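Presented below is the structure to which this report refers.
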Amino acid sequence: MNSYFQFDQLEGILLRGAKDNKFSNSTGSVLSVLPFDTKKLPKVFSENTGELLGELMRNNTNMKISKIEEDSFVSNKIVDNILKSIDFNNEEESEEFFEGFLEDYLNMEGSKESPLHPHLFMYNDLSEKERKEKIKYAIFINEVLLGGQDKFKDLFLDKSSDNLLTQLIMESLPELIGNSNQKKNKYAVINVGLVEQFQKDFIYLSNKKEYFLKHLFTLIHYYLFQYFLQFFKSAQSFGTVSDRKVTPLNHVLDWETGVGSYREAVKEYNTIREHADKLFVHVHCMSHLSHNQVNLENERHVFSYYKVKKDLESLDDEMLKREKENLISWIKKYCELAKVEESNGLSDKEIPELFETLFSSIKIKMNDDVKKKYGNNLSNIGASIALKSRGRHGNVLSLSQDLLLMLCAVSVGDEKIHLKDLFNNLEQRGVKFDHYSRVEVINLLDHLNYIEKKSDSGDAQYVKPIL
Numbered sequence: 000m001n002s003y004f005q006f007d008q009l010e011g012i013l014l015r016g017a018k019d020n021k022f023s024n025s026t027g028s029v030l031s032v033l034p035f036d037t038k039k040l041p042k043v044f045s046e047n048t049g050e051l052l053g054e055l056m057r058n059n060t061n062m063k064i065s066k067i068e069e070d071s072f073v074s075n076k077i078v079d080n081i082l083k084s085i086d087f088n089n090e091e092e093s094e095e096f097f098e099g100f101l102e103d104y105l106n107m108e109g110s111k112e113s114p115l116h117p118h119l120f121m122y123n124d125l126s127e128k129e130r131k132e133k134i135k136y137a138i139f140i141n142e143v144l145l146g147g148q149d150k151f152k153d154l155f156l157d158k159s160s161d162n163l164l165t166q167l168i169m170e171s172l173p174e175l176i177g178n179s180n181q182k183k184n185k186y187a188v189i190n191v192g193l194v195e196q197f198q199k200d201f202i203y204l205s206n207k208k209e210y211f212l213k214h215l216f217t218l219i220h221y222y223l224f225q226y227f228l229q230f231f232k233s234a235q236s237f238g239t240v241s242d243r244k245v246t247p248l249n250h251v252l253d254w255e256t257g258v259g260s261y262r263e264a265v266k267e268y269n270t271i272r273e274h275a276d277k278l279f280v281h282v283h284c285m286s287h288l289s290h291n292q293v294n295l296e297n298e299r300h301v302f303s304y305y306k307v308k309k310d311l312e313s314l315d316d317e318m319l320k321r322e323k324e325n326l327i328s329w330i331k332k333y334c335e336l337a338k339v340e341e342s343n344g345l346s347d348k349e350i351p352e353l354f355e356t357l358f359s360s361i362k363i364k365m366n367d368d369v370k371k372k373y374g375n376n377l378s379n380i381g382a383s384i385a386l387k388s389r390g391r392h393g394n395v396l397s398l399s400q401d402l403l404l405m406l407c408a409v410s411v412g413d414e415k416i417h418l419k420d421l422f423n424n425l426e427q428r429g430v431k432f433d434h435y436s437r438v439e440v441i442n443l444l445d446h447l448n449y450i451e452k453k454s455d456s457g458d459a460q461y462v463k464p465i466l
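Using numbering that gives the first Met the number 0, read the sequence shown as starting at 0 and increasing by one per residue.
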């Protein structure tokens with residue numbers, strides 16, 4: 000059997016740089032794992048979010064809009080198309096009145112951020128402001144969270160509506176154009192468990208049309224931020240924690256007061272923020288390990304530490320020993336090329352410890368400012384969805400009432416569940432509460448009449464469907 004690790008190509012890339020005395024780290028021939036930038040922090044999640052959703056839907060459906068139809072859902076063309084379909088019996092006054100009504104209706108109700116119908120997002124063309132960033136994140140969300148699946152394509156292309164006026168508008172839309180460009184995947188999926196949960200919640204909410212329209216971006220934004228958090232938490236374990244499972248993180252609620260340093264949520268995000276500069280190193284280290292014979296050479300996915308560890312553990316003892324030696328040889332070779340001090344006692348280390356040793360060697364050769372800027376993307380994306388500043392404690396993972404109720408809605412579904420099951424289901428979505436926050440959640444749900452008590456003692460409490 001061929002060797003599991005195949006570092007030859009990566010060695011060649013690093014060797015060329017070392018010969019020119021311009022050593023530079025490289026991820027080799029693997030797909031990207033995160034859409035982060037080391038130059039600037041994007042504002043695509045706080046400004047013009049409807050444009051990002053439009054690009055996402057066009058990317059998923061492989062459709063595009065003609066340049067002459069830009070901003071078409073509020074353009075005169077839709078109004079003209081509707082007027083042509085109605086017989087006013089030559090009553091100009093009636094036609095002018097209806098025309099004015101339509102224009103007001105479209106401009107008031109059909110904004111880019113919250114249009115009349117999900118399909119109308121498709122007509123949100125990109126402005127020049129942060130155009131490349133919107134395209135990049137739309138591709139990432141489609142490939143990683145949506146998986147480019149047809150079930151989402153059918154949803155985005157659906158024009159049906161129970162509202163007669165909205166249906167008339169939908170039927171008057173200009174036709175979208177098929178995009179003939181063949182697209183290759185750019186990103187690899189790491190946390191499959193969270194992605195599967197997102198897709199279930201997405202499908203569930205899509206059946207609650209009005210709510211879905213208002214909360215579509217919130218759902219995507221939350222899960223995107225949670226995906227990055229889960230990737231980081233899993234990476235920090237160097238393969239000892241499964242990346243198929245969701246690790247619940249401590250959150251508080253926006254309206255809580257007196258959130259001090261004793262709260263786990265404060266400690267949790269402080270730790271994440273302090274070590275966020277390691278994200279850039281983890282991406283490179285995993286890319287090194289992803290050069291292996293299990294991975295397709297022309298489209299290599301990024302393998303997580305956990306995936307590589309499981310692959311190695313499936314080998315017999317003799318082959319595992321050989322692959323451990325190959326990994327040690329690569330660590331030594333990298334240290335030689337990068338001109339960093341080699342670690343001692345490599346042969347005595349377990350596989351996760353060798354991953355961490357390679358990580359530490361790569362980290363030495365990386366610019367501190369670059370690492371910091373890359374890691375800052377984490378807080379930048381979370382700031383407008385699930386982070387709140389708590390004074391001297393800094394940012395803390397925190398949920399607004401609207402976000403909490405959305406997560407409760409998908410956690411409960413269409414049938415009442417036991418209160419303890421609600422908190423278990425929230426943990427499957429990455430949210431954990433301590434005793435103080437749990438009391439606040441229960442009080443809110445009780446106040447909104449979502450709690451059903453089966454006994455006077457209150458021991459048997461159920462949560463009714465939110466939607």
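Backbone N, C-alpha and C fix where the C-beta goes; we use that ideal spot for every residue, glycine too.
Only a predicted model underlies this, so the values are computations on that prediction, with no experimental measurement involved.
- For C284, the CB contacts under 6 Å within the same chain, skipping 5 residues up- and downstream, are L357, F358 and I361 in chain order.
- Counting along the chain, the unbroken beta strand (DSSP E) around K387 starts and ends at L386 to S388.
- Between L125 and N47, the alpha-carbon positions lie close to 9 Å from each other.
- Two segments are said to touch when three or more pairs of C-beta atoms, one from each, lie closer than 8 Å; by this definition the segment 259 to 268 touches the segment 373 to 392.
- Under the DSSP assignment, K320 falls outside any beta strand (DSSP E), being part of the alpha helix (DSSP H) whose first and last residues are D316 to A337.
- At the C-beta level, V411 and V462 come within 8 Å of one another.
- Distances from the CA of Y122 to each of E91, K128 and G49 were compared; the closest alpha carbon is that of G49.
- Y3 carries a coil assignment under DSSP once its states are collapsed to helix, strand and coil.
- Look at G177 here: in three-state DSSP terms it is strand.
- The way I'd put it, the segment 301 to 311 does touch the segment 239 to 256; three or more beta-carbon pairs between them come closer than 8 Å.
- The segment 389 to 396 makes no contact with the segment 184 to 203; the number of CB pairs closer than 8 Å stays below 3.
- Spanning the alpha carbons of F432 and V440 requires a straight line of approximately 9 Å.
- In this model, K415 and N424 are separated by some 13 Å (Cα to Cα).
- Residue pairing by DSSP places E439 opposite no residue, since no beta bridge is assigned to it.
- A contact is defined here as three or more CB-CB pairs under 8 Å, and the segment 226 to 233 meets this definition with respect to the segment 185 to 197.
- I327 is positioned such that its CB atom lies closer than 8 Å to that of L345.
- With contacts defined as CB atoms closer than 8 Å, I176 and I64 qualify as a contacting pair.
- For I450, the uninterrupted beta strand (DSSP E) run begins and ends at I450 to K452, by DSSP.
- Between L278 and Y373, the CB-CB gap stays under 8 Å.
- In the DSSP assignment, N123 falls outside any alpha helix (DSSP H) and carries neither an H nor an E.
- Spatial neighbours of K371 in its own chain (CB-CB distance under 7 Å, excluding positions within 5 residues in sequence) are listed in chain order as D276.
- Residue state for R243 is assigned as coil, using DSSP reduced to three classes.
- DSSP, read as helix, strand or coil, puts V430 in strand.
- The Cβ atoms of V251 and S397 lie closer than 8 Å to each other.
- The C-alpha of L13 is placed about 8 Å away from the C-alpha of A337.
- Exclusion of the five residues before and after E98 leaves V78 and L82 as the residues of its chain whose Cβ lies within less than 8 Å of its Cβ.
- DSSP places V462 within a strand segment (E or B) once states are collapsed to three.
- Uninterrupted alpha helix (DSSP H) stretches at least 4 residues long and entirely within the segment 136 to 210 occur at 149 to 156, 163 to 170 and 191 to 205, given in chain order.
- DSSP places V395 in the uninterrupted beta strand (DSSP E) bounded by N394 to L398.
- Following the DSSP letters along the chain, one finds F302 in no alpha helix (DSSP H), marked with neither H nor E.
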